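K.L.:
Residue numbering for the sequence shown follows the numbering used here, beginning at 7 and increasing consecutively.
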Amino acid sequence: MRVLVISDLHANLIALEAVLKDAKPYEAVWCLGDLVGYGPNPNECVEVVRNLPQLKCLVGNHDKAVLGEIPIHTFNSDAHASISWTQSVMTEASLVYLRYLPERDSFGEYTLVHGSPRLPVWEYILDRFIAQENFPFITTPYCLVGHTHMPVIYKEVYPDGPCHEEPADYEHPRRLNNAHLIINPGSVGQPRDSNPDASYALLDTETNIWQYRRVSYDVMATQSRMRTAELPERLIARLAYGW
Ligand code: ZN
């Protein structure tokens, strides 16, 4: 099965549409959470995602904040402002959809979470030391995570660590066989690796071959929608730089 793996859409509909077009053909979609927050089109993103084929979709921390399930003061002031704005525009149908998303899912050899297998909604796997601590919490060979917006693969080398960190390779597909891996596809809607292009991955679940992909989208169009919505200027500016 050819699976499109996406994460951290953050209400950036234009980036999401670019990814869905660029990734074709795919038979299934796995979305690792944070459909909303930061960006200007939360309802539209929820509507597009919920209609994707053979969808597995997780809840992220921003989704939970918009639902009121996470105290908003735990976010920085820009994120806080974007969550408040999102709450003011969300339809009841969008909220109901987010409310019933799971924190964890799996498919064959793959575990899916937003943050980490240890703390599925909250924890950021920001380095190989945090990754290493998380391997004991994974019962499948592979675990897909989002949340940090950084495309990266962590590979367990010895059970007592340390693990390897592999930067995303866009040129060569990565065969996943015979390893314990934590894999992040990067962010569709707000990349943070100094590359403004939307990040995603394609996965063949029969051959376990993972392919990182980037696609450019009309960043200025998303920025102009954010300005119309009076979202924080810092959140608008960062999209052009990928930070
Ligand atoms: Zn996010």
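In this text, a Cβ means the ideal position worked out from N, Cα and C, and glycines have one as well. On a predicted model such as this, the values are computed, not experimentally measured, just so you know.
With contact counted as at least three CB pairs below 8 Å, one residue from each stretch, are the region 144-158 and the region 107-118 in contact?
P.N.:
Flag = yes, the region 144-158 and the region 107-118 touch.
K.L.:
Over the uninterrupted beta strand (DSSP E) stretch that includes W36, give me the two end residues.
P.N.:
Taking the sequence shown and counting its residues from 1, one reaches residue 36 at position 30. Unbroken beta strand (DSSP E) run through W36: A34 to C37.
K.L.:
What is the chain-ordered set of residues for which the beta carbon lies under 5 Å from any non-hydrogen atom of the ligand ZN?
P.N.:
Ordered along the chain, the selected set is D14 and D40.
K.L.:
If you follow the alpha helix (DSSP H) that T234 is in, where does it begin and where does it stop?
P.N.:
Position 228 of the sequence shown holds residue 234. That run of the alpha helix (DSSP H) goes V225 to T234.
K.L.:
For D28, collect the residues of the same chain with a Cβ closer than 6 Å to its Cβ; drop the 5 residues on either side in sequence, then sort them by chain order.
P.N.:
By 1-based counting over the sequence shown, the position of residue 28 is 22. The beta carbon of D28 is closer than 6 Å to those of V221 in its chain, skipping five residues each way along the sequence.
K.L.:
Under 7 Å Cβ to Cβ from K70, same chain only, skipping five residues before and after it: list those, please.
P.N.:
Numbered from its first residue, the sequence shown carries residue 70 at position 64. Answer for K70: I76 and V127, listed in chain order.
K.L.:
Got a sec? Which residues, its chain only, sit under 8 Å from P202 by beta carbon, not counting five neighbours each side?
P.N.:
For the purposes of this step, residue 202 is identified with residue 196 of the sequence shown, where counting begins at 1. Result list for P202: S222, V225, L245, A246, Y247 and G248, in chain order.
K.L.:
Cβ of A207 within 8 Å of Cβ of Y218?
P.N.:
Counting from 1 along the sequence shown, the entry for residue 207 is found at position 201. Counting from 1 along the sequence shown, the entry for residue 218 is found at position 212. In this structure, Y218 lies closer than 8 Å to A207 by Cβ.
K.L.:
Just to confirm the assignment, what range does the beta strand (DSSP E) spanning P173 have?
P.N.:
The residue labelled residue 173 in the question sits at position 167 within the sequence shown. Element bounds for P173: H170 to P173.
K.L.:
Taking the alpha-carbon positions, what's the C51 to Q138 distance?
P.N.:
Taking the first residue of the sequence shown as position 1, residue 51 is located at position 45. Taking the first residue of the sequence shown as position 1, residue 138 is located at position 132. The alpha-carbon atoms of C51 and Q138 are separated by roughly 33 Å.
K.L.:
Suppose you measure from the CA of L132 to the CA of H153; what does that come to, to the nearest Å?
P.N.:
Here residue 132 corresponds to residue number 126 of the sequence shown, with the count starting at 1. Here residue 153 corresponds to residue number 147 of the sequence shown, with the count starting at 1. For L132 and H153, the distance between alpha carbons rounds to 9 Å.
K.L.:
Applying the 10 Å Cβ sphere with the 16-neighbour rule, what's the burial state of Y2?
P.N.:
Absent from the structure is residue 2, since the part of the chain shown begins at 7 and ends at 249.
K.L.:
Buried or exposed: Y103, going by 16 or more other Cβ atoms within 10 Å of its Cβ?
P.N.:
On the sequence shown, position 97 is the one that residue 103 refers to. Buried, because 16 or more other Cβ atoms sit within 10 Å of the Cβ of Y103.
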